[in-house]
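*Asks:* Numbering-wise, the sequence shown is residues 7 to 267 according to the numbering used here.
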Amino acid sequence: MDLGFGGEVAEFYQRYRRGYPPAVFDALADAFALTPQDTVVDLGCGTGQLTLPIAARVRAVVGVDPEPDMLVLARRAAGERQVGNVSWLLGADTDVPALGALLGGGTVGAVTVGQALHWMDHDALFPRLRPLFRAGGGVAVVTNGTPLWLQDTGWSRALRGVLERWRGVELHRSCGTDDASQRRYRDSLVAAGYDVGATTVDYTAELSLDELVGGVYSVFSVDTLPAPEQRSEFSARIRRALHPETRFREHVRVTVLVGRL
Ligand SMILES: C[S@@+](CC[C@H](N)C(=O)[O-])C[C@H]1O[C@@H](n2cnc3c(N)ncnc32)[C@H](O)[C@@H]1O
Numbered sequence: 007m008d009l010g011f012g013g014e015v016a017e018f019y020q021r022y023r024r025g026y027p028p029a030v031f032d033a034l035a036d037a038f039a040l041t042p043q044d045t046v047v048d049l050g051c052g053t054g055q056l057t058l059p060i061a062a063r064v065r066a067v068v069g070v071d072p073e074p075d076m077l078v079l080a081r082r083a084a085g086e087r088q089v090g091n092v093s094w095l096l097g098a099d100t101d102v103p104a105l106g107a108l109l110g111g112g113t114v115g116a117v118t119v120g121q122a123l124h125w126m127d128h129d130a131l132f133p134r135l136r137p138l139f140r141a142g143g144g145v146a147v148v149t150n151g152t153p154l155w156l157q158d159t160g161w162s163r164a165l166r167g168v169l170e171r172w173r174g175v176e177l178h179r180s181c182g183t184d185d186a187s188q189r190r191y192r193d194s195l196v197a198a199g200y201d202v203g204a205t206t207v208d209y210t211a212e213l214s215l216d217e218l219v220g221g222v223y224s225v226f227s228v229d230t231l232p233a234p235e236q237r238s239e240f241s242a243r244i245r246r247a248l249h250p251e252t253r254f255r256e257h258v259r260v261t262v263l264v265g266r267l
């Protein structure tokens, strides 16, 4: 399963992808009444943006991802941060039944899916998860803000222009953050028999040009990432298009859509 998240993309992801503010973890803990006895599964864990902070609140976490390079970096970060209660599993949404066989039914407080559901078949996933959960447990679909090039600011529109010219394609996919995707996820949770609720966490962040370019690299796939020798030209184009701004403010809305049993 090669989704293009390997190699340097994983490195850019770990270095530049924004994590989640503490209020998101409070919302998850509240939604599922998580305790230090609980087990959480983080599906599509990437380099551990959700996995590592939530591990501080529960007994054990299983981080699951189909991209080995993401898992290697996540595991290394856990070691550096002395997080000792996460197991890392190479796998995908389709491996949930095997995970259920390992953990046992009715044992999981929450399955989190952080900025990854758009890679999965959510209509198949939500029913498949149900046997895992203890009473009051459930699934949280967490989306981490509108992509950098689709925001309602001058710099974001200018960035989009540069990226579209570079790639030669229109960029409109919002990776599950848009209202229509949220409605589809909600309807799918209801159809699978979950009680559904949602919380949003809003904050403002400021990025340097390097952080902006790094954030863009983290969403390229391995085969579309500018080659190392093209990167100074790539960031020069962005710098010229966004001139004279050198700091970029973004409004980030994190949505936590929860389905509880
Ligand atoms: C955009 S990253 C999100 C990483 C992290 N959860 C976060 O919140 O930033 C998407 C991750 O989903 C993983 N992924 C893609 N398809 C998947 C699937 N079918 N099942 C599980 N994970 C998948 C990718 O390998 C990648 O690490």
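Ideal Cβ positions, reconstructed from N, Cα and C, are used throughout, including at glycine.
#1: Could you tell me if Pro28 is buried or exposed, where buried requires 16 or more neighbouring beta carbons within 10 angstroms of its beta carbon?
#2: Could you pull the DSSP bridge partners for Glu212 from this structure?
#3: Ends of the alpha helix (DSSP H) at Phe240?
#4: Gly265: which of Arg140, Cys51, Val175 and Pro42 sits nearest, CA to CA?
#5: Cα-Cα, which of Val15, Val78, Trp155 and Leu135 is closest to Gly54?
#6: Within 8 angstroms, do at least three Cβ pairs link the stretch 162-169 to the stretch 126-143?
#7: For Phe139, which of helix, strand or coil comes out of DSSP?
#8: Within 10 angstroms of the Cβ of Val196, are there 16 or more other Cβ atoms? Answer buried if so, exposed if not.
#9: For the beta strand (DSSP E) containing Trp94, name the first residue and the last one.
#10: Measuring alpha carbon to alpha carbon, tell me which residue in Ala233, Thr149, Ser214 and Arg243 is nearest Val30.
#11: Tell me where the alpha helix (DSSP H) around Thr57 begins and ends.
#12: Going by the C-beta, is Tyr191 closer than 8 angstroms to any heavy atom of ligand 1?
#13: Go ahead and label Gln20 buried or exposed: buried means 16 or more other beta carbons lie within 10 angstroms of its beta carbon, across all protein chains shown.
#14: Measuring only the C-alpha atoms, how far is Glu256 from Arg246?
*Replies:* Reading from the atomic positions:
#1: As a working mapping, residue 28 is identified with position 22 in the sequence shown. Looking at its Cβ environment, which holds fewer than 16 other Cβ atoms inside 10 Å, Pro28 is exposed.
#2: For this step, residue 212 is matched to residue 206 along the sequence shown. DSSP lists Arg255 as partners of Glu212.
#3: Position 234 of the sequence shown, counting from 1, holds the residue named residue 240. Run containing Phe240: Arg237 to Leu248, per the alpha helix (DSSP H) assignment.
#4: Taking the first residue of the sequence shown as position 1, residue 265 is located at position 259. For the residues Arg140, Cys51, Val175 and Pro42, the minimum Cα distance to Gly265 belongs to Arg140.
#5: Position 48 of the sequence shown, counted from the start, is the residue given in the question as residue 54. It is Val78 whose Cα lies nearest to the Cα of Gly54.
#6: Segments in contact, no.
#7: Taking the first residue of the sequence shown as position 1, residue 139 is located at position 133. Three-state result, Phe139: strand.
#8: Stepping through the sequence shown from its first residue, residue 196 is reached at position 190. It is exposed - the Cβ of Val196 has fewer than 16 other Cβ atoms within 10 Å.
#9: What you label residue 94 is simply residue 88 of the sequence shown in a count that begins at 1. Segment Val92 to Leu96, the beta strand (DSSP E) holding Trp94.
#10: One-based indexing of the sequence shown puts residue 30 at position 24. Of the listed residues, the one whose Cα sits closest to Val30 is Thr149.
#11: For the purposes of this step, residue 57 is taken as the residue at position 51 of the sequence shown. Counting along the chain, the unbroken alpha helix (DSSP H) around Thr57 starts and ends at Thr57 to Ala61.
#12: Counted from its first residue, the sequence shown places residue 191 at position 185. The beta carbon of Tyr191 sits no closer than 8 angstroms to any heavy atom of ligand 1.
#13: Numbered from 1 along the sequence shown, position 14 holds the residue referred to as residue 20. By the 16-neighbour rule on beta-carbons within 10 angstroms, Gln20 is buried.
#14: Here the question's residue 256 lines up with position 250 in the sequence shown. Here the question's residue 246 lines up with position 240 in the sequence shown. Taking C-alpha positions only, Glu256 is separated from Arg246 by approximately 19 angstroms.
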